[in-house]
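Numbering (this note's numbering), first residue to last: 5 to 78.
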């Protein structure tokens, strides 16, 4: 089992189900973001197979931070 103490924890590839769980979003939300844009970076491994890294997910979450509602995108 991978833990945050594992040096490669944030850089290992995870599937969309695990990525969705990590973000507390649905798999469908990730699929929509891949089509429409605005979601976290992903790696297209083959045809319909995609992977994410926890580092990219964390970076995406960090980019969503705002100081107040005036700064929030509409």
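Every residue, glycine too, gets a C-beta built ideally from N, C-alpha and C.
Computed from a predicted structure; not experimentally measured.
Discussion item. Let's see if you can read the secondary structure: which residues bound the alpha helix (DSSP H) around residue 26?
Written reply: As a first step, residue 26 is located in the chain shown; it is residue number 22 there, counting from the start. For residue 26, the enclosing alpha helix (DSSP H) begins and ends at 20-27.
Worksheet entry | For residue 14 and residue 59, believed in contact at Cβ under 8 Å, the rounded distance | One-based indexing of the chain shown puts residue 59 at position 55. One-based indexing of the chain shown puts residue 14 at position 10. Correct: roughly 4 Å between the Cβ atoms.
Discussion item. If I follow the unbroken beta strand (DSSP E) through residue 49, where does it start and stop?
Written reply: Walking along the chain shown from the start, residue 49 turns up at place 45. Under the DSSP assignment, residue 49 falls in the beta strand (DSSP E) whose first and last residues are 47-50.
Worksheet item: When the distance is taken between beta carbons, is residue 54 closer than 8 Å to residue 22?
Response: On the chain shown, position 18 is the one that residue 22 refers to. On the chain shown, position 50 is the one that residue 54 refers to. No, the pair does not count as a contact, with Cβ atoms beyond the cut-off.
Worksheet item: When the Cα atoms are used, what is the spatial distance from residue 4 to residue 72?
Response: Since the displayed the chain opens at 5 and closes at 78, residue 4 lies outside it and no answer follows.
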